[in-house]
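Numbering (the working numbering), first residue to last: 8 to 427.
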C-alpha cells in the first residue's frame with residue numbers, strides 16, 4: 008500500500024520542473040551575492056522582472072533537454088540487447104505469447120525503453136489477432152506514434168524558444184516606457200543621459216532573450232536529431248526481428264493448418280526412420296569395403312617391402328664394387344703423385360743451380376760496369392788535357408802520351424774481361 012502511494016507520489020512530481028526551480032533559486036542566490044554585483048552576468052539577468060522570467064524559462068527548458076539526453080544511454084543499451092532468439096524461418100502466430108513472456112522476464116529498465124515498448128506492442132497485436140496479416144502497416148503506425156511522441160516531448164522546449172524573444176521585446180518596451188513615461192520634451196532634453204541609459208538597459212533584456220532563444224533552438228536541434236536517430240534504429244531493428252518472423256494466415260484456417268502440420272511431422276518422422284535405417288546399411292557396407300581395402304593395402308606393403316629388400320641388396324653389392332675401383336684409382340693417383348714430387352724436387356735443384364750461375368754473371372756484369380765508369384772518367388780527363396796541350400802548342404808530345412795511355416787502358420780492360 009505504502010509502496011503504491013510512493014510510486015503515485017513520484018509519478019505526480021515533474022522532476023525536470025522541480026530541478027529547474029531549484030537551479031533557478033540557486034542561480035539567483037549566487038547572482039545576488041556581493042561579489043557578483045555590477046558584473047556582466049548580473050546586469051543582463053537582474054535589471055528587470057522580465058529578465059527573471061526569461062532566465063527561469065531558459066533554465067527550465069535546458070533542464071528538460073538534459074533529462075531527455077540522460078535517457079538516451081538506456082535506449083542505446085536497449086538497442087544492443089539481444090531481445091529475441093535467432094529464427095530459422097517463419098513461425099506460427101501463437102509463438103508471440105512465448106516471446107512476449109520472455110520479454111516480460113527481462114529487467115524493468117529494458118521493458119520501459121522505447122525498444123521494449125515497441126516489441127511488446129507488436130507482439131501483443133500478433134497475439135490478439137492470431138496472425139501476422141497487415142503486420143507491416145501496424146509496425147509503421149507504431150513508428151509514427153513514436154515520432155509524434157518525440158515531437159510532443161520537446162513541446163516545452165519549443166514553447167520556451169518561441170516565447171523567450173517575445174518576452175525580450177516586452178521587457179525592452181517596458182524599459183522604454185519606464186525611461187520615457189511622464190516626461191515632456193524639455194524634460195527629456197534635460198535628462199537625456201538618464202533616458203539613454205534606461206534605453207540601453209532595455210536592450211539588455213532583448214539581448215538576454217535572444218541569447219536564450221538561440222541556445223534553446225540549438226539544444227532542441229541536437230535533442231530531436233539524436234532521438235530521431237535512435238527511433239530510426241529501433242524501426243530497423245523491429246522490422247528485422249518481427250516483420251518476417253510470423254506466418255501470415257487467416258485465423259479461420261488455423262485448425263486445418265494444425266492438422267497439416269501434424270501430418271507433415273508424421274511424414275518427417277517416417278522419413279527420418281527410413282534415412283536412419285539406410286544410413287545403417289551404408290555404414291555396414293562401407294565398413295566391409297574398408298576391411299577389404301586394408302587387407303589389400305597390407306598385401307601391397309609386403310610386396311613393396313620384398314622389392315625394396317632386393318633393390319637394397321643390389322645397391323650394396325654395387326657399392327662394394329665401386330669402393331674397390333675407387334681404391335685402385337686412389338693407389339694409382341698416389342703413385343703418380345710420388346713420381347711427380349721426385350721430378351719437382353730435381354727441377355727445384357736445377358733451378359737453384361741456375362740461380363747461382365745468374366748471381367755470378369750479375370757480379371761480373373757489375374764489375375764491367377764499374378770499369379767502364381772509370382774509363383769514361385779517364386777519357387774526360389784526357390779531353391781536358393788535349394785542350395790544354397793545344398793551348399800550349401805541345402800537341403805531338405801529348406798525342407804520344409795519350410796513345411800510350413790508351414793502349415795501357417785497353418790492355419787492362421781486356422785483362423779484366425778475360426779474368427771475368
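For every residue, glycine included, the Cβ atom is placed at its ideal position computed from N, Cα and C.
Everything numeric in this text was worked out from a predicted model, so none of it was measured.
| task | Give me whichever residues DSSP pairs with residue 253 in a beta bridge. | result | Translated into the one-based positions of the chain shown, residue 253 becomes position 246. Answer by DSSP bridge pairing, in chain order: 98.
Any idea what DSSP makes of residue 172, helix, strand or coil? One-based indexing of the chain shown puts residue 172 at position 165. Here residue 172 sits in helix by DSSP.
For the alpha helix (DSSP H) that contains residue 132, what are its first and last residues? Counting from one through the chain shown, the residue named residue 132 turns up at place 125. Counting along the chain, the alpha helix (DSSP H) containing residue 132 begins and ends at 121-136.
Roughly how many angstroms separate the alpha carbons of residue 44 and residue 245, rounded to a whole number? Here residue 44 refers to the residue found at position 37 when the chain shown is read from its first residue. Here residue 245 refers to the residue found at position 238 when the chain shown is read from its first residue. In a straight line, the C-alpha of residue 44 is about 56 Å away from that of residue 245.
Next item on the list: Please go through the region 11-89 and give each complete alpha helix (DSSP H) segment of 4 or more residues, from N-terminal end onward.
Entry: 22-38, 47-52 and 56-87
Do residue 181 and residue 62 come within 9 Å of each other at the CB atom, strictly closer than that value?
The residue labelled residue 62 in the question sits at position 55 within the chain shown. The residue labelled residue 181 in the question sits at position 174 within the chain shown. Cβ atoms of residue 62 and residue 181: not closer than 9 Å.
For this session: Could you check what DSSP says for residue 139 in three-state terms: helix, strand or coil?
Result: Here residue 139 refers to the residue found at position 132 when the chain shown is read from its first residue. Three-state DSSP puts residue 139 in coil, outside helix and strand.
Relative to the alpha-carbon of residue 103, which residue among 76, 121, 131 and 122 has its alpha-carbon at the smallest distance?
One-based indexing of the chain shown puts residue 103 at position 96. Closest option to residue 103, Cα to Cα, is 131.
My output table needs one value for residue 112: the three-state DSSP class, helix, strand or coil.
Here residue 112 refers to the residue found at position 105 when the chain shown is read from its first residue. If DSSP states are grouped into helix, strand and coil, residue 112 belongs with coil.
Coarse secondary structure for residue 8, derived from DSSP in three states: On the chain shown, position 1 is the one that residue 8 refers to. At residue 8, the pLDDT of 37 sits below 50, so the modelled position is not reliable and the matter cannot be decided from this model.
inquiry  = Can you list, in chain order, the residues of its chain with a C-beta nearer than 7 Å to that of residue 165? Leave out the 5 residues immediately preceding and following it.
reply    = Residue 165 sits at position 158 when you count from the first residue of the chain shown. Result list for residue 165: 227, in chain order.
Notebook entry, point to check: By DSSP, does residue 229 sit in helix, in strand, or in coil?
Noted result: As a position in the chain shown, residue 229 is number 222, starting the count at 1. Looking at residue 229 - three-state DSSP - the assignment turns out to be helix.
query: How about residue 110 and residue 90: do their beta carbons lie closer than 9 Å?
result: The sequence position of residue 110 within the chain shown is 103, counting from 1. The sequence position of residue 90 within the chain shown is 83, counting from 1. Yes; because the gap between Cβ atoms is below 9 Å, this pair is in contact.
* Asked: Nearest chain B C-beta to residue 340 closer than 9 Å, yes or no?
  -> No chain B appears in this structure, which consists of one protein chain only.
On the criterion of 16 or more Cβ atoms from any shown chain inside 10 Å, does residue 112 qualify as buried, or is it exposed? Taking the chain shown and counting its residues from 1, one reaches residue 112 at position 105. Counting Cβ neighbours within 10 Å, residue 112 comes out exposed, since fewer than 16 surround it.
message = Could you check whether the region 282-299 touches the region 167-179, counting it as contact only if at least three pairs of C-beta atoms, one from each stretch, sit closer than 8 Å?
response = no
- Task: Between the Cα of residue 72 and those of 121, 159, 128 and 46, spot the shortest distance and give me the residue it belongs to.
- Result: The residue labelled residue 72 in the question sits at position 65 within the chain shown. The candidate whose alpha carbon is nearest that of residue 72 is 159.
For residue 48 and residue 38, which I take to be in contact (beta-carbon distance under 8 Å), what is that distance rounded to the nearest angstrom?
Counted from its first residue, the chain shown places residue 48 at position 41. Counted from its first residue, the chain shown places residue 38 at position 31. Sure, about 7 Å apart at Cβ, within 8 Å.
Given this structure, state the Cα-to-Cα distance separating residue 86 from residue 285, to the nearest angstrom.
Against the chain shown, residue 86 aligns to sequence position 79. Against the chain shown, residue 285 aligns to sequence position 278. If I take the Cα positions, the gap works out to 48 Å.
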